[in-house]
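Here is the structure we will look at, set down as structure tokens.
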Amino acid sequence: MESGIYVALINPGIALIFSATFLLLWHHQRNTRYILLLCASFLAISVGFLLQYFTLHDPEFSRLVSNLLFLAGGVGLAIGSLWRYERTMPLQTIGVVGLVGFAAFIWFLYVDPSITLRIYAINFTFGAITLLVAAELRFVANKKLIDNILFGLTAFWGLSFFVRPILVLWIDGPYENYAQYHQSLYWYTLTLSSALFLLLIALSIICAIALDVMEKLRLESQTDPLSGLLNRRGFEEQGEEALHQQRRRAMPVSIVVCDLDHFKSINDSHGHAVGDEVIRSFAACLRTAAGPDHIVGRVGGEEFSVLLRGATLGTARLFAEGVRTTFGTLPMEGLPAALRTTASFGVATWRDGETINDLFIRADDALYEAKKAGRDRVRINGDAASDGIAAGA
Numbered sequence: 048m049e050s051g052i053y054v055a056l057i058n059p060g061i062a063l064i065f066s067a068t069f070l071l072l073w074h075h076q077r078n079t080r081y082i083l084l085l086c087a088s089f090l091a092i093s094v095g096f097l098l099q100y101f102t103l104h105d106p107e108f109s110r111l112v113s114n115l116l117f118l119a120g121g122v123g124l125a126i127g128s129l130w131r132y133e134r135t136m137p138l139q140t141i142g143v144v145g146l147v148g149f150a151a152f153i154w155f156l157y158v159d160p161s162i163t164l165r166i167y168a169i170n171f172t173f174g175a176i177t178l179l180v181a182a183e184l185r186f187v188a189n190k191k192l193i194d195n196i197l198f199g200l201t202a203f204w205g206l207s208f209f210v211r212p213i214l215v216l217w218i219d220g221p222y223e224n225y226a227q228y229h230q231s232l233y234w235y236t237l238t239l240s241s242a243l244f245l246l247l248i249a250l251s252i253i254c255a256i257a258l259d260v261m262e263k264l265r266l267e268s269q270t271d272p273l274s275g276l277l278n279r280r281g282f283e284e285q286g287e288e289a290l291h292q293q294r295r296r297a298m299p300v301s302i303v304v305c306d307l308d309h310f311k312s313i314n315d316s317h318g319h320a321v322g323d324e325v326i327r328s329f330a331a332c333l334r335t336a337a338g339p340d341h342i343v344g345r346v347g348g349e350e351f352s353v354l355l356r357g358a359t360l361g362t363a364r365l366f367a368e369g370v371r372t373t374f375g376t377l378p379m380e381g382l383p384a385a386l387r388t389t390a391s392f393g394v395a396t397w398r399d400g401e402t403i404n405d406l407f408i409r410a411d412d413a414l415y416e417a418k419k420a421g422r423d424r425v426r427i428n429g430d431a432a433s434d435g436i437a438a439g440a
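Residues 48 to 440 (the working numbering) are what the sequence shown spells out, left to right.
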């Protein structure tokens, strides 16, 4: 009996520990609501397991509340896990499955009492809900290793809700009373398998949260706060990786280096707030023109770079001319309507063996030529003849 109590405390203890862990994580990341939901879900599961063994005054009511807490905790875990991926549960389907399963559980609790049929009803309900979560996780884009682990655990656990009760009850069932139930093979396999799953799923989610935090810190370290673009470090790191990919695919890649004209005089004459607005406007212009497939960064005070994947020298020059023309027509808050804000551009295409810094230096040389020629223009550096354009254009 004493060993049975210790076994009964395994799952509530594990669930309670992880509930406290997620509460601590949420305390330091209060903008991540899904962590708080996971905390509440593990707490519900912990109390649910306690009521399985330590019943209230009315044993049937304890079973009802216990399984209702299991259902609430399981759905909470499902919703919380999917929120991390910005995906939503198919709540209508979950609601139907949960209501039907719990209605069957209540029927076999009060109307036609049967421990065995209650086991089937609640297990099949949890199994269906868990497999619905696994189906959603399957379609998460750009999954990492930890995401595949979570998907695998969820799918395996969902299937176990069908296989385990059928197999164990075939070997050991049926059960006529709760004294027999708490000494059964089913109870021990439920306790041990639940403990293992709770441990694995919680550790996987905590690992995923830690990786999310690390990725967020990495992105923040690579992002310029004023423009929202990559800073120089981020641009160089992502640019080097892009060059490596383009080299493997034998595809061209070009760079456009841009510099805002007379930016110091704008700051001196109209204030830094206006200067900041000019930077934000130019950054937005570059981001819109480049789209999601190219790499854009603010690499200096008023200097920007765009790495264009798959772009020849001619294509990159057309891109630069488009940005130059568009930016020159934008109204700028805080500046006189008659004052045009302009930018100069240098363009270069990648040569075999170059690093991102080598490519940047050649484009910067072309930018210097554009500045020397009077600003508000595009200059190129490279083998222009092969692209059918003039180097002095």
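Positions of the beta carbon are idealized from the N, C-alpha and C atoms, including for glycine.
Unbroken alpha helix (DSSP H) run spanning residue i, endpoints
i: Ser-10; result: In the structure displayed, the chain extends from 48 to 440; residue 10 sits before or after that span and is not available.
i: Asn-114; result: 106 to 131
i: Glu-223; result: Here Glu-223 belongs to no alpha helix (DSSP H), and DSSP marks it neither H nor E.
i: Asp-411; result: 403 to 419
i: Phe-152; result: 138 to 153
i: Glu-380; result: No alpha helix (DSSP H) contains Glu-380, which DSSP labels as neither H nor E.
i: Ser-312; result: 310 to 317
Chain-order list of residues whose beta-carbon lies under 7 Å from that of residue i (same chain, five-residue window excluded)
i: Pro-59; result: Ser-93, Phe-96, Leu-97
i: Leu-290; result: Val-300, Trp-397, Ile-403
i: Ala-62; result: Phe-89, Ile-92, Ser-93, Phe-96, Leu-245
i: Val-144; result: Thr-172, Ala-175, Ile-176
i: Ile-141; result: Val-122, Ile-176, Leu-179
i: Arg-165; result: Phe-152, Phe-155, Leu-156
i: Leu-83; result: Trp-73
i: Met-443; result: This structure gives no information on residue 443, because the portion of the chain shown stretches from 48 to 440.
DSSP three-state assignment for residue i, whether helix, strand or coil
i: Phe-101; result: coil
i: Phe-351; result: strand
i: Asp-434; result: Note on Asp-434: pLDDT 39, under 50, position unreliable in the model; the coordinate value appears next. It is helical.
i: Arg-396; result: The displayed chain sequence assigns Thr, not Arg, to residue 396. It is a strand residue.
i: Ala-67; result: helix
i: Ser-391; result: strand
i: Arg-77; result: coil
i: Leu-365; result: helix
i: Thr-270; result: strand
i: Cys-277; result: Note on residue identity: the sequence assigns Leu, not Cys, to residue 277. Here Leu-277 sits in strand by DSSP.
i: Arg-334; result: helix
i: Arg-356; result: strand
i: Leu-83; result: helix
i: His-291; result: helix
i: Gln-230; result: coil
i: Thr-449; result: As shown, the chain starts at 48 and ends at 440. That puts residue 449 outside it, with no answer to give.
i: Ala-297; result: coil
i: Ala-440; result: Note that Ala-440 has pLDDT 39, beneath the 50 cutoff, so the model's placement of it is unreliable and no number is given.
i: Pro-339; result: coil
i: Leu-386; result: coil
i: Arg-265; result: helix
i: Glu-49; result: With a pLDDT of 48 at Glu-49, under the threshold of 50, the modelled position of this residue cannot be trusted, and the question is left open.
i: Arg-327; result: helix
i: Pro-59; result: helix
i: Arg-422; result: coil
Contact with chain B by residue i, beta-carbon distance below 8 Å
i: Ile-302; result: Among the chains in the structure shown there is no chain B, since it carries only a single protein chain.
8 Å Cβ shell around residue i - same chain, five flanking residues per side excluded
i: Lys-191; result: Leu-258
i: Phe-374; result: Ser-328, Phe-329, Cys-332, Thr-388, Thr-389, Ala-390
i: Asn-314; result: Val-321, Gly-322
i: Leu-355; result: Val-300, Ser-301, Ile-302, Val-303, Ala-337, His-341, Thr-362, Ala-363, Phe-366
i: Arg-334; result: Gly-275, Leu-276, Val-343
i: Gly-381; result: His-317, Gly-318, Ala-320, Val-321, Glu-324
Beta-carbon proximity list for residue i, same chain, < 6 Å, skipping 5 on both sides
i: Leu-277; result: Gln-269, Gly-344
i: Leu-90; result: Ser-66
i: Val-180; result: Ala-125, Thr-201
i: Thr-239; result: The amino acid occupying residue 239 in the given sequence is Leu; Thr does not appear at that position. Cβ within range, chain order: n/a, list empty.
i: Gln-230; result: none
Where the beta strand (DSSP E) through residue i begins and ends
i: Asp-306; result: 300 to 307
i: Gly-344; result: 342 to 345
i: Val-425; result: 425 to 428
Inspect the CB distances between the segment 194 to 211 and the segment 134 to 143 and report whether three or more fall short of 8 Å. The segment 194 to 211 vs the segment 134 to 143: no contact.
Does the count of Cβ pairs from the segment 405 to 412 and the segment 310 to 326 closer than 8 Å reach three? With a cut-off of 8 Å, the segment 310 to 326 and the segment 405 to 412 do not count as touching, because too few Cβ pairs lie within range.
Could you tell me whether the segment 253 to 273 touches the segment 100 to 117, using the rule of 3 or more Cβ pairs below 8 Å? No, because fewer than three Cβ pairs between the segment 253 to 273 and the segment 100 to 117 fall closer than 8 Å, the two stretches do not touch.
Would you check if the segment 418 to 430 and the segment 345 to 357 touch, i.e. whether three or more CB-CB distances between them fall below 8 Å? By the Cβ rule, the segment 345 to 357 does not count as touching the segment 418 to 430, because fewer than three pairs are nearer than 8 Å.
Can we say the segment 163 to 179 touches the segment 117 to 131, given the rule of at least three CB pairs closer than 8 Å? The segment 163 to 179, when compared against the segment 117 to 131, does touch it at the 8 Å Cβ threshold.
Sufficient close CB pairs (3 or more, under 8 Å) joining the segment 273 to 288 to the segment 359 to 369: The segment 273 to 288 is not in contact with the segment 359 to 369.
So within the segment 154 to 214, which uninterrupted alpha helix (DSSP H) runs reach at least 4 residues, ignoring any that extend past its ends? Fully enclosed alpha helix (DSSP H) runs of 4 or longer: 162 to 185.
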